[in-house]
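Sequence order for the protein chains is A and B.
Residues 869 to 1337, numbered by this note's numbering, are exactly what the first sequence covers, in order.
Residues 59 to 150, numbered by this note's numbering, are exactly what the second sequence covers, in order.
Quick reminder that beta carbons are idealized off the backbone N, C-alpha and C, glycines included.
What follows is one structure encoded as structure tokens, with my remarks underneath.
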Amino acid sequence: MIRLIGELAAVLATALFIFALYWMNDPKTARRGVFAGITGMTVAILATWMQPEIVHHGWIFLAIVAGFAVGIPLSRVPLTAVPQRTALSHAFGGLAAGLVGTAEYFLWFGEHAEKLTPFRTSALVAEVILGFLTFTGSLMAAGKLQEVRWIPQRPVTYPGQNFVNLGVLGLAVALGVVLVLYPTAPWSGQVFIAIAALALIFGVLLIIPIGGADMPTVISILNAYAGLAAVAMGFVLDNKLLVTAGALDGSSGLILSIIMCRAMNRSFTNVLFGAFGKAQPALAAGGEQKVWKQESVEGAAQLLEQARSVVIIPGYGMAVAQAQHKVRELYDALTKRGVSVRFAIHPVAGRMPGHMNVLLAESNIPYSALVEMDEINPEMPQTDVALVLGANDVVNPAARYAKSTPIYGMPIIDADKAKTVLAVKRSKNPGFAGIDNELYVLDNTWMLFGDAKAIVGDLVKQFAGGGIH
Amino acid sequence: MTDFGSVLFVFVLATFIGLGVIRRVSRLLYTPLMSLTNAISAIAVVGSIVVTGAEYPRAIRILGAIALFASMTNIVSGFMITDRMLKMFKKQ
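Rendered as structure tokens:
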């Protein structure tokens, strides 16, 4: 009877998870999806907990309480820290899969050798490799995003890097094959530990050469890995609920990765093995060094005031400066004066998929004002002012023709085609990809150097103070 | 005893459903989508509960308890932050 309840609960939970994702197709129904997800998860947990073989309730209770104690504060981070939190949760997901796989292997290794069939051992190897590489890889990604001091922000590359990376992964897989052939030999336990260790090392090596501009893609790929690790766990435990939920997560990560790769005109392998930020050849080789022109806040405010249409192009700089609320004030001030203001969102702007949308939604900017790159580009030539707010590579015209740069071929927002470009930039250094941006030195471009929040705040003051008539 | 064929079958079907459903997700909601799928894939919690709670050697159960803690953290923070973000979209 209890078994039957367990089976039915798994079916119910699967259906609820599918509805949860289905309702995400519209912001209006999306919160219903969260409710469906929570219900499905609760059903699944209770149905598992009540099974007769579960006898140590105190341990389960304590672990769940600890999960709440850490999970609640993690859900209250500022929205600018959402990419780090997401990476961290991928790390937790990978860790859980890796540890359960390890526990199951040693359990069967000791007591039920007959359970280590070739199929199940293969699934175990996949679970442990995927789980542990996702664990350390995501921790590294979270550390880079959080700008932890001892993790280098810039991509770290060295000669033969891909060879080393693939060698480590290849060795783990080869040992996995050995384990499938000899799952219960006296030395098999050591082989298993070696596989786990190699996977942990591979996760670190995989992320070291990755720069900030690649983070949206990498986070999506790690998301897919975390899902696949859960699928592998489902195969090991012969649990269909794990397989379906893991497959939903895996396909979500896959679709997001594909969208992100397309938005950068790069392939998966190119993102993972073609590190950004290697020594870049100078762009204007032989050409004269062009200089940027600086504009005052007063002048910029005047330009904005006189415009009929303004397109704001936000990027990571807006997120770090937490400028989204000031941006909202600017949006209000300009809209009140009859200026049409829209936001051009590049798919890889920021550090994770949808990053800009969430920040702008937080500051209550109507999502009808957020326009996708493909829709806004045809209108850029008629735009009076393009205000680039902490975006860099996604507006670099060099992507159209400079074959020597890593961003070559990446679709960009045509900010340079607007009548006037105002670019707000933290510093005079090149962007995360380490490339000069020639948008800044075009004839119709004016630079505003400084923190995005401070500059937008000053612009708003210009309008509020009545300094402009 | 175990029927791997049927599990594989379930995997393939679930992947197709996943691809079909995710493709329709609003582009505005990619960040909450990721935190939601993250919470859902923390279904690894059911495997962790078995490893933690069954009559297994202590060392095995300690691994299970850590995994259970990690999954539970993902469930709680994943659903809560997804809802927090979606609230901002909905009030418009």
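Each residue's CA atom was taken as its position, placing residue 1043 (chain A) and residue 115 (chain B) some 26 Å apart.
The C-beta distance from residue 123 (chain B) to residue 110 (chain B) rounds to 5 Å, short enough to fall under 8 Å. Closest in alpha carbon position to residue 1177 (chain A), among A:1254, A:1132, A:1052, is A:1254. Residues of chain B with a Cβ closer than 8 Å to the Cβ of residue 1101 (chain A) are, in chain order, 102, 105. Between the alpha carbons of residue 1221 (chain A) and residue 951 (chain A) lies a gap of roughly 9 Å.
By the CB criterion at 8 Å, residue 996 (chain A) and residue 1089 (chain A) fall outside the cutoff.
Between residue 1120 (chain A) and residue 76 (chain B), the C-beta gap is smaller than 8 Å, which places the two residues in contact.
Non-local C-beta neighbours of residue 1189 (chain A) in its own chain, meaning closer than 8 Å and more than five positions away in sequence, comprise 1258, 1294, 1319, 1320, 1321, 1322, ordered along the chain. Partner residues in a beta bridge of residue 1037 (chain A), as assigned by DSSP, do not exist. With fewer than 16 other CB atoms across the displayed protein chains lying within 10 angstroms of its CB, residue 1137 (chain A) is exposed.
Interface criterion met: the Cβ of residue 1235 (chain A) is under 8 Å from a Cβ in chain B.
The beta carbon of residue 1046 (chain A) sits closer than 7 Å to those of 1059, all from its chain and outside the five residues before and after it, given in chain order. For the segment 1192 to 1233 of chain A, the full-length beta strand (DSSP E) segments reaching 3 residues or more read 1208 to 1213 along the chain. Interface with chain B (8 Å Cβ-Cβ cutoff): residue 876 (chain A) is excluded. Note on geometry: alpha-carbon atoms of residue 1129 (chain A) and residue 1085 (chain A) lie some 6 Å from one another. For the 8 Å CB-CB criterion, residue 94 (chain B) and residue 131 (chain B) do not form a contact.
Residue A:1235 holds the alpha-carbon nearest to the alpha-carbon of residue 87 (chain B) among A:939, A:953, A:1235.
When DSSP states are grouped into helix, strand and coil, residue 1255 (chain A) belongs to the strand group. Residue contact check for residue 872 (chain A) against chain B: no CB pair falls below 8 Å.
For residue 1290 (chain A), there is no enclosing alpha helix (DSSP H); the residue is part of the beta strand (DSSP E) that begins and ends at 1288 to 1293.
Sequence-ordered contacts of the segment 75 to 93 of chain B with chain A read 75, 76, 77, 79, 80, 81, 82, 83, 84, 85, 86, 87, 88, 89, 90, 91, 92, 93 [C-beta pairs closer than 8 Å]. The C-alpha of residue 1195 (chain A) is placed about 12 Å away from the C-alpha of residue 1203 (chain A).
Identification of residues in the segment 131 to 149 of chain B having a C-beta nearer than 9 Å to some C-beta of chain A yields 131, 132, 133, 134, 135, 136, 137, 138, 139, 140, 141, 142, 143, 144, 145, 146, 147, 148, 149, given in sequence order. For residue 1084 (chain A), the uninterrupted alpha helix (DSSP H) run begins and ends at 1083 to 1105, by DSSP. For residue 1324 (chain A), the enclosing alpha helix (DSSP H) starts and ends at 1320 to 1332. Residues of chain A whose Cβ lies closer than 8 Å to the Cβ of residue 63 (chain B) do not exist; the shortest such Cβ separation is about 10 Å. Cβ neighbours of residue 981 (chain A) within its own chain (closer than 8 Å, five residues either side excluded): 1051, 1052. Residue 990 (chain A) does not reach chain B, its nearest Cβ partner there being about 10 Å away, counting only Cβ pairs nearer than 8 Å. Judged by DSSP secondary structure, residue 1177 (chain A) falls within the beta strand (DSSP E) whose first and last residues are 1177 to 1182. For residue 1122 (chain A), the closest alpha carbon among the candidates A:1081, A:1096, A:1071 is that of A:1096. Residues of the segment 1167 to 1186 of chain A that bring their beta carbon within less than 7 Å of a beta carbon in chain B are absent altogether. The DSSP assignment places 898 to 917, 925 to 942 as complete runs of the alpha helix (DSSP H) inside the segment 881 to 945 of chain A, in order along the chain (cut-off: 4 residues).
Contact with chain B is found for residue 964 (chain A), since one of that chain's Cβ atoms lies less than 8 Å from the residue's Cβ. For residue 1315 (chain A), there is no enclosing alpha helix (DSSP H); the residue is part of the beta strand (DSSP E) that begins and ends at 1313 to 1317. Counting along the chain, residue 65 (chain B) sits inside the alpha helix (DSSP H) bounded by residues 62 to 81. Between residue 1081 (chain A) and residue 1314 (chain A), the gap from beta carbon to beta carbon reaches 8 Å or more.
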